[in-house]
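If you're matching positions, the sequence shown starts at 52 in our numbering and goes up one per residue.
Glycine included, each C-beta is placed from N, C-alpha and C at the ideal position.
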Amino acid sequence: MSKNFDVIVIGAGPGGYIAAIRAAQLGFSVACIDEWKNAAGGPAPGGTCTNVGCIPSKALLQSSEHYEHANKHFADHGISVSGLKMDSAKMIARKDAVVKQNNDGILYLFKKNKVSFFHGRGSFVKPVEGGYELAVTGAQAETLTGKQIIVATGSSARALPGVPFDEENVLSNDGALRIGGVPKKLGLIGSGVIGLEMGSVWRRLGAEVTVLEAMPTFLGAVDEQIAKEARKAFDKQGLKVELGVKVGEIKSDKKGVSVAYTNAKGEAQALEVDKLIVSIGRVPNTTGLNAEAVGLKLDDRGAIVVDDECRTSLPGVWAVGDVVRGPMLAHKAEEEGVAVAERIAGQHGHVDFNLVPWVIYTSPEIAWVGKTEQQLKADGVKYKAGTFPFLANGRARALGDTTGMVKMLADAATDEILGVHVVGPMASELIAEACVAMAFRASSEDIARICHAHPSLSESTKEAALAVDKRTLNF
Ligand SMILES: Cc1cc2nc3c(=O)[nH]c(=O)nc-3n(C[C@H](O)[C@H](O)[C@H](O)COP(=O)(O)OP(=O)(O)OC[C@H]3O[C@@H](n4cnc5c(N)ncnc54)[C@H](O)[C@@H]3O)c2cc1C
């Protein structure tokens, strides 16, 4: 017997579970199917983000940051530590506990919102009158029928051709988040967000980290001035980054991994490491969906083809998050999930892609929203720029972290804020003010005229706004 629902969501990552909750709030009967298993084989909703992405990486970044502070910076505050030790097994166990709290939290939210959860793989069977029949296989076997289907199956790490992840020596994000002890030498292929965050964790704990990047520029998507500032800080920390490399043969055995590569000058090089993290992008998860059975259109990357409003090629089938175009970010997936649930209810869900903030949780943190200076130049937009260094901010001095700056870009004629870029302490939190300002189409003068608490890092955002008009007060 098939169980019938108004809305069925496949995938309980941030795109899927949020879409399911919003649809239930709007009065629909909702099912959500997810196949992720915890170590005991039970359900672990939350997707990549909760299990092997945003949450566990931030847990490890926090632990390793505490260690680095105790090791290198406590002395500046007059605190001496002797016998400092790192228990990596405990750090990993704490991270696992944080993940479990989030898994359990989502199961609780499903119950609270009356979303029926099915643990197993969801796949299309056939179109039926007024909807689609889906099969749940695996932990639970069920047949479900839904009037509207939201596909939120996410993405998985891309492996180098011919070099599969063994999660022992050659690691994806999954293995990188559960390395048993601190490797002496760690190699990283790819200097994107995930690679830099993982490299930071193990560098802080004592690993010698080398990053090999194929692109000739460091953090190409980031505002050039900000990327340069970040690079300076990473160099100082001892993170080795080689740009413009071409990776060749990779050999892995019990002793470790050797990577043959050609450097930017065309010279043959070899990197010998204990572990290698490969972080070269992610592949949309569409293989288990049986998309062919219903004729769901995929592009040549295997991503589900959608329009601006997340409608797929099939009526009543939507797709959100990493499995579709656009930035692979949890909050982008969530926004799309909410917007789709609202569209199904006949409302006007909306996602402004220009206002999706980006964050890299290294130290210094890097965060931005809107356009970079190089994008404005390429688009021929006339703009004014203002920067303010944390070096001149009282709170940053008190924190002992004065690296970086806030940079604001505003339209030369209207003064509307077009982009805000932060490299420095708590950039991930500071960027929220910029998102709010830009959502209300604020001018730099608006921010400059708003009273900001003293002493706070946020005063740097106000000062960057003043700098747009060449009238900083503290620099
Ligand atoms: C190491 C790392 C760190 C990251 N850090 C951040 C960060 O700090 N901030 C940020 O915004 N983003 C971060 N991301 C990216 C973020 O995790 C993803 O953008 C986000 O998880 C995408 O959400 P989603 O719902 O589209 O898919 P996912 O989170 O991938 O969830 C998809 C779910 O669907 C399930 N599934 C797939 N196929 C089926 C099927 N056929 N049937 C049933 N279930 C299925 C999967 O098992 C999974 O549970 C990080 C990613 C990684 C790898």
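Quick check on residue i: buried or exposed, where buried means 16 or more other Cβ atoms within 10 Å of its Cβ?
i, result
"residue 73", "buried"
"residue 92", "exposed"
"residue 97", "buried"
"residue 226", "buried"
"residue 338", "exposed"
"residue 274", "buried"
"residue 179", "exposed"
"residue 383", "buried"
"residue 538", "In the structure displayed, the chain extends from 52 to 526; residue 538 sits before or after that span and is not available."
"residue 528", "The shown model of the chain, from 52 to 526, leaves out residue 528, and the question about it has no answer."
"residue 228", "buried"
"residue 84", "buried"
"residue 452", "buried"
"residue 301", "buried"
"residue 476", "buried"
"residue 491", "exposed"
"residue 522", "exposed"
"residue 59", "buried"
"residue 238", "buried"
"residue 266", "exposed"
"residue 299", "exposed"
"residue 333", "buried"
"residue 381", "buried"
Determine, for residue i, whether the minimum Cβ-Cβ distance to residues of chain D falls below 8 Å.
i, result
"residue 522", "Considering every chain present, this structure includes no chain D. It has just one protein chain."
Cutting at 6 Å between CB atoms, please list the residues of its own chain near residue i, excluding the five before and the five after it.
i, result
"residue 190", "170, 171"
"residue 278", "269, 270"
"residue 125", "132"
"residue 494", "466, 467"
"residue 167", "82"
"residue 419", "409, 472"
"residue 54", "195"
"residue 479", "410, 416, 418"
"residue 259", "236"
"residue 516", "459, 495, 498, 499"
"residue 395", "199"
"residue 454", "284, 415, 475"
"residue 357", "363, 370, 375"
With a CB to CB cut of under 8 Å and the five nearest residues on each side skipped, what residues in its chain are close to residue i?
i, result
"residue 321", "309, 310, 311, 312"
"residue 345", "175, 177, 178, 183, 365, 368"
"residue 501", "513"
"residue 449", "506"
Thinking C-alpha only, which one of the options is nearest residue i?
i, options, result
"residue 342", "384, 200, 326, 439", "200"
"residue 461", "435, 208, 473", "435"
"residue 303", "149, 323, 287", "323"
"residue 519", "465, 490, 482, 480", "465"
"residue 156", "374, 63, 289", "63"
"residue 151", "265, 95, 285", "95"
"residue 106", "147, 133, 306", "147"
"residue 162", "389, 524, 350, 76", "76"
"residue 206", "102, 456, 164, 524", "102"
"residue 223", "154, 210, 100", "210"
"residue 153", "99, 127, 128, 517", "99"
"residue 264", "249, 285, 242", "242"
"residue 397", "54, 59, 79, 52", "79"
"residue 390", "361, 380, 235", "361"
"residue 195", "507, 496, 57, 334", "57"
"residue 445", "511, 234, 235, 372", "511"
"residue 234", "317, 253, 340", "253"
"residue 376", "349, 142, 394", "349"
"residue 284", "487, 186, 251", "251"
"residue 240", "315, 319, 291, 331", "331"
Grab me the residues of residue i's own chain with a C-beta within less than 7 Å of its C-beta, minus the 5 sequence neighbours each way, in chain order.
i, result
"residue 385", "65, 66, 69"
"residue 220", "303, 307, 308, 326, 327"
"residue 525", "443, 514"
"residue 122", "135"
"residue 336", "204, 205, 206, 207, 374"
"residue 507", "446"
"residue 456", "280, 438, 439, 440, 441, 474, 475"
"residue 247", "411, 413"
"residue 463", "433, 434, 435"
| Taking the runs of the beta strand (DSSP E) that are 3 residues or longer, which of them lie wholly in the segment 128 to 210? | You should have 166 to 170, 172 to 179, 182 to 188, 193 to 202, 206 to 208.
| Whole beta strand (DSSP E) elements within the segment 425 to 513, 3-residue minimum | For the segment 425 to 513, whole beta strand (DSSP E) runs of length 3 or above, ordered along the chain, are 434 to 440, 456 to 462, 468 to 475.
| query | Are the segment 108 to 117 and the segment 424 to 433 in contact at 8 Å, needing three or more beta carbon pairs? | reply | Counting C-beta pairs closer than 8 Å gives fewer than three between the segment 108 to 117 and the segment 424 to 433, which falls short of the contact rule.
| message | Which runs of the beta strand (DSSP E) at least 3 residues long sit entirely within the segment 339 to 418? Give them in chain order. | response | Listed in chain order, they are 368 to 370, 409 to 411.
| Inter-stretch contact (C-beta, 8 Å, three-pair minimum) for the segment 399 to 408 and the segment 199 to 215 | Between the segment 399 to 408 and the segment 199 to 215, the count of Cβ pairs shorter than 8 Å is below three; the stretches do not touch.
| said: So within the segment 273 to 298, which uninterrupted alpha helix (DSSP H) runs reach at least 4 residues, ignoring any that extend past its ends? | reply: 275 to 288, all fully within the segment 273 to 298.
| said: Give the list of continuous alpha helix (DSSP H) stretches no shorter than 4 residues that lie fully inside the segment 68 to 122. | reply: Considered as a whole, the segment 68 to 122 harbours 98 to 103, 105 to 119 as its complete alpha helix (DSSP H) runs of no fewer than 4 residues, in chain order.
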